[in-house]
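Below: one structure, written as structure tokens.
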Amino acid sequence: MRFFVSSVIFALGFCGQIAAAEPTHRVFVTNEKANTVSVIETRTNKVEATIDVGKRPRGIGLAPDGNELYVAVSEENAIAVIDPKTLEVLRKFKAGSDPEAFAVHPNGNIYISNEDDAKTSVYDPKTGDELLAIPVGLEPEGVGISPDGSLVIVTSESANMLHLISVPEHAMVANIVVGARPRSVTFSRDGKTAYATSEVSGDVTEVDLATNKIIKKVSLDAIDQAKPKDIVLGKDGKTLYVAGGRAAKVIVLDAKTLEIKTAIPVGKRVWGLSLSRDGRHLYTTNGVSNTVSVIDTANNQVIATIEVGEAPWGVVIDD
Amino acid sequence: MTRNPLATVLTHFAAFLLALASMCAKAESVHVRIVYVGDESRTAYIGAKQGLNEANHQGQFLGQSYSLELASLEALIPGNESNYSAVIAALDAEQLLALSAALPNTPIMNVTAEDDSLREGCTTNLFHVIPTRRMKADAVSQWQQKHPDADVTAQAWHPDFELYAGRELNNRFRKANGIAMDDNAWAGWAAVKMLSDTVAREGLTDPKQLRTYFSERLRFDGQKGLELSFRDTGQLRQPLLIVEDGKLLGEAPVRGVVDTTHLDSLGLVNCPK
Numbered sequence: 305m306r307f308f309v310s311s312v313i314f315a316l317g318f319c320g321q322i323a324a325a326e327p328t329h330r331v332f333v334t335n336e337k338a339n340t341v342s343v344i345e346t347r348t349n350k351v352e353a354t355i356d357v358g359k360r361p362r363g364i365g366l367a368p369d370g371n372e373l374y375v376a377v378s379e380e381n382a383i384a385v386i387d388p389k390t391l392e393v394l395r396k397f398k399a400g401s402d403p404e405a406f407a408v409h410p411n412g413n414i415y416i417s418n419e420d421d422a423k424t425s426v427y428d429p430k431t432g433d434e435l436l437a438i439p440v441g442l443e444p445e446g447v448g449i450s451p452d453g454s455l456v457i458v459t460s461e462s463a464n465m466l467h468l469i470s471v472p473e474h475a476m477v478a479n480i481v482v483g484a485r486p487r488s489v490t491f492s493r494d495g496k497t498a499y500a501t502s503e504v505s506g507d508v509t510e511v512d513l514a515t516n517k518i519i520k521k522v523s524l525d526a527i528d529q530a531k532p533k534d535i536v537l538g539k540d541g542k543t544l545y546v547a548g549g550r551a552a553k554v555i556v557l558d559a560k561t562l563e564i565k566t567a568i569p570v571g572k573r574v575w576g577l578s579l580s581r582d583g584r585h586l587y588t589t590n591g592v593s594n595t596v597s598v599i600d601t602a603n604n605q606v607i608a609t610i611e612v613g614e615a616p617w618g619v620v621i622d623d
Numbered sequence: 013m014t015r016n017p018l019a020t021v022l023t024h025f026a027a028f029l030l031a032l033a034s035m036c037a038k039a040e041s042v043h044v045r046i047v048y049v050g051d052e053s054r055t056a057y058i059g060a061k062q063g064l065n066e067a068n069h070q071g072q073f074l075g076q077s078y079s080l081e082l083a084s085l086e087a088l089i090p091g092n093e094s095n096y097s098a099v100i101a102a103l104d105a106e107q108l109l110a111l112s113a114a115l116p117n118t119p120i121m122n123v124t125a126e127d128d129s130l131r132e133g134c135t136t137n138l139f140h141v142i143p144t145r146r147m148k149a150d151a152v153s154q155w156q157q158k159h160p161d162a163d164v165t166a167q168a169w170h171p172d173f174e175l176y177a178g179r180e181l182n183n184r185f186r187k188a189n190g191i192a193m194d195d196n197a198w199a200g201w202a203a204v205k206m207l208s209d210t211v212a213r214e215g216l217t218d219p220k221q222l223r224t225y226f227s228e229r230l231r232f233d234g235q236k237g238l239e240l241s242f243r244d245t246g247q248l249r250q251p252l253l254i255v256e257d258g259k260l261l262g263e264a265p266v267r268g269v270v271d272t273t274h275l276d277s278l279g280l281v282n283c284p285k
């Protein structure tokens with residue numbers, strides 16, 4: 305049966321796959337209250353276009369081949385599909401109640417949290433079909449996918465859990481209780497550990513994925529008002545960047561020791577993070593300042609601050 | 013939504029696999045008994061039942077289950093402490109003190125009595141989830157330093173509160189119960205949630221261990237943005253909401269008057285010497 309399911313999912317992912325697109329060198333930012341996506345040219349760091357996308361856009365991600373951009377338009381209970389080249393909204397498909405954060409699997413499927421329904425849904429964005437719905441804890445939020453695609457981790461914010469879901473079986477392999485209001489997850493380069501932020505308890509937890517146990521936890525209390533949200537791994541695999549929320553800083557951690565190395569002032573309520581493919585530039589969404597900051601990761605300095613729409617939330621780079 | 017047959021087949025397989033997986037993933041099961049004492053017609057009881065449903069929702073992933081039983085004060089007073097992990101109490105001050113004396117090692121969660129005198133007593137097993145009158149007065153006074161003409165009141169909760177996932181809690185409470193979440197309902201919900209958080213995170217179910225944990229270590233997400241904890245007086249530190257004519261205006265500690273994280277700017281902080 306496992307073989308059957310995996311074959312079907314593999315087939316679904318494979319169907320319709322075409323050659324990878326040339327990157328557009330654009331950064332896409334969802335503006336939650338402006339109902340738009342800001343398009344920033346990476347070489348100039350200027351906004352070159354603004355796309356009307358629908359009500360309350362939040363989660364954003366690119367297809368593995370870069371041919372399509374997906375945006376969760378939460379109040380329309382849908383995902384909008386945008387052509388990253390022409391910037392046209394190609395179509396929308398229904399994606400359950402209140403879709404928020406999501407991740408795109410290497411096979412092309414979308415794993416999305418339905419916050420009001422306590423479930424994670426799997427969609428094929430080509431057809432808009434819901435392939436699966438997986439019950440999780442209350443207020444599911446962050447979705448992370450391991451580098452090899454074999455594990456999906458979903459955070460449930462109210463239940464304070466990380467749900468570890470194997471792919472392709474879609475079996476719940478573990479439920480790990482972490483600090484209050486877990487929001488975002490990322491993986492080590494080798495996929496052996498995962499890191500999760502907890503917003504209300506203000507900490508970062510590292511989980512060993514061989515034993516599914518917490519192996520390290522660091523408080524970010526040393527950074528005033530730190531309410532961590534997004535977390536990404538640096539290109540070197542040795543650095544973690546954490547959006548500090550109310551602290552208005554990006555907090556830089558040593559991925560091995562979880563010690564705080566530095567904190568970079570950006571804008572107010574920094575939530576979204578995205579790293580360029582070459583690892584040199586980190587883009588942040590600053591929800592209350594209505595800006596995006598660009599950090600040079602070589603020296604941890606902000607090299608550009610870009611005005612976008614009201615309440616920027618998510619960010620993704622096509623490079 | 014129209015579905016293709018393949019997706020339907022897959023969904024059924026997935027449900028089956030999930031059922032199998034959830035059985036395998038479950039550790040040995042733990043059952044936690046909670047008791048509610050006091051007027052069942054109060055919204056505190058509806059809040060506690062909401063908390064119970066959420067605790068059981070979480071518990072299905074962790075092999076933990078919860079029940080909320082009803083008992084009269086007379087039935088609890090003989091003081092058998094082996095029955096329940098915690099008591100949710102919608103009682104007056106006098107009744108709370110009597111129950112606290114009868115069950116000295118059981119956490120008694122006060123969800124309705126706002127008397128400051130109860131906090132001044134610093135009774136070690138009384139945990140006051142509901143704010144006091146003085147906390148509310150302090151919140152109003154902070155607000156009025158900024159807005160001298162404002163005729164406002166302070167509350168523990170408001171059905172229009174949206175920040176820090178307040179929106180999600182209000183929505184699911186209204187959907188499940190058909191009424192708006194008020195202060196007592198929030199307190200009832202919070203009392204069960206802090207218990208289930210502790211069971212989930214620490215595996216504690218023994219009343220005496222829970223009592224110590226609540227006093228010394230609890231850090232709780234009450235969906236008001238900050239971590240909440242108990243003072244030595246037994247009072248839960250918490251932000252309050254400022255309301256005028258039923259309309260939500262803001263939060264206390266009031267920004268620009270005190271540091272917004274300074275929860276001890278509201279009410280009595282330490283036990284009287």
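Chains as they are written, first to last, in this note's numbering: chain A, 305 to 623; chain B, 13 to 285.
Glycine included, C-beta positions come from ideal geometry on N, C-alpha and C.
Sequence-distant residues of its chain with Cβ nearer than 6 Å to residue i (five each side left out)
| i | result |
| --- | --- |
| V393 of chain A | A384, I386 |
| L278 of chain B | M147, D150, A151 |
| A105 of chain B | A125, D127, L130 |
| A31 of chain B | Annotation note: pLDDT 46 at A31 of chain B (below 50); position unreliable, no value reported. |
| W201 of chain B | G59, Q62, G63 |
| L579 of chain A | V536, L586 |
Whole-Å CB distance - residue i paired with residue j, under 8 Å assumed
| i | j | result |
| --- | --- | --- |
| K220 of chain B | N117 of chain B | 4 Å |
| T217 of chain B | S97 of chain B | 5 Å |
| I568 of chain A | N516 of chain A | Not quite, the Cβ-Cβ distance comes to about 32 Å (not below 8 Å), so this is no contact. |
| V570 of chain A | V606 of chain A | 6 Å |
| P143 of chain B | Q250 of chain B | 6 Å |
| V204 of chain B | A67 of chain B | 6 Å |
| E443 of chain A | A177 of chain B | 6 Å |
Burial state of residue i (16 or more Cβ within 10 Å)
| i | result |
| --- | --- |
| P532 of chain A | buried |
| R267 of chain B | exposed |
| I621 of chain A | buried |
| I519 of chain A | exposed |
| N603 of chain A | exposed |
| R330 of chain A | buried |
| Q157 of chain B | exposed |
| P265 of chain B | buried |
| P160 of chain B | exposed |
| R487 of chain A | buried |
| T210 of chain B | buried |
| H274 of chain B | exposed |
For residue i, the three-state DSSP class (helix, strand or coil)
| i | result |
| --- | --- |
| A33 of chain B | The predicted position of A33 of chain B is uncertain, since its pLDDT is 47 and thus under 50; a value taken from the coordinates is nonetheless stated next. The answer is helix: DSSP assigns A33 of chain B an H, G or I state. |
| L544 of chain A | strand |
| R347 of chain A | coil |
| S580 of chain A | coil |
| H467 of chain A | strand |
| T509 of chain A | strand |
| F173 of chain B | coil |
| K38 of chain B | Unreliable placement is indicated for K38 of chain B, whose pLDDT of 47 sits below 50; the coordinate value is still reported in the next sentence. It is coil, neither helix nor strand. |
| E461 of chain A | coil |
| V612 of chain A | coil |
| R395 of chain A | strand |
| Y427 of chain A | strand |
| N183 of chain B | helix |
| V270 of chain B | coil |
| L230 of chain B | coil |
| I313 of chain A | Model confidence at I313 of chain A stands at a pLDDT of 43, short of 50, so the residue's coordinates are unreliable and nothing is read from them. |
Sequence-distant residues of its chain with Cβ nearer than 7 Å to residue i (five each side left out)
| i | result |
| --- | --- |
| A192 of chain B | P171, R186 |
| A437 of chain A | K423, S425 |
| W575 of chain A | K533, D534, A547, G549, T589, G591, W617 |
| C283 of chain B | C134, D244, T245 |
| S597 of chain A | V570, G571, T588, N590, V606, T609 |
Close-in-space but distant-in-sequence residues of the same chain around residue i (CB under 8 Å, 5 per side omitted)
| i | result |
| --- | --- |
| T348 of chain A | none |
| N381 of chain A | K398, A399, G400, S401, D402, P403 |
Whether residue i touches residue j by CB criterion (8 Å)
| i | j | result |
| --- | --- | --- |
| A83 of chain B | A197 of chain B | no |
| S492 of chain A | G448 of chain A | no |
| G441 of chain A | S417 of chain A | no |
| S79 of chain B | I46 of chain B | yes |
| G50 of chain B | L115 of chain B | no |
| M121 of chain B | I89 of chain B | no |
| P429 of chain A | P368 of chain A | no |
| T501 of chain A | D512 of chain A | no |
Cβ of residue i within 8 Å of any chain D Cβ
| i | result |
| --- | --- |
| N196 of chain B | Protein chains in the displayed structure are A and B, and chain D is not among them. |
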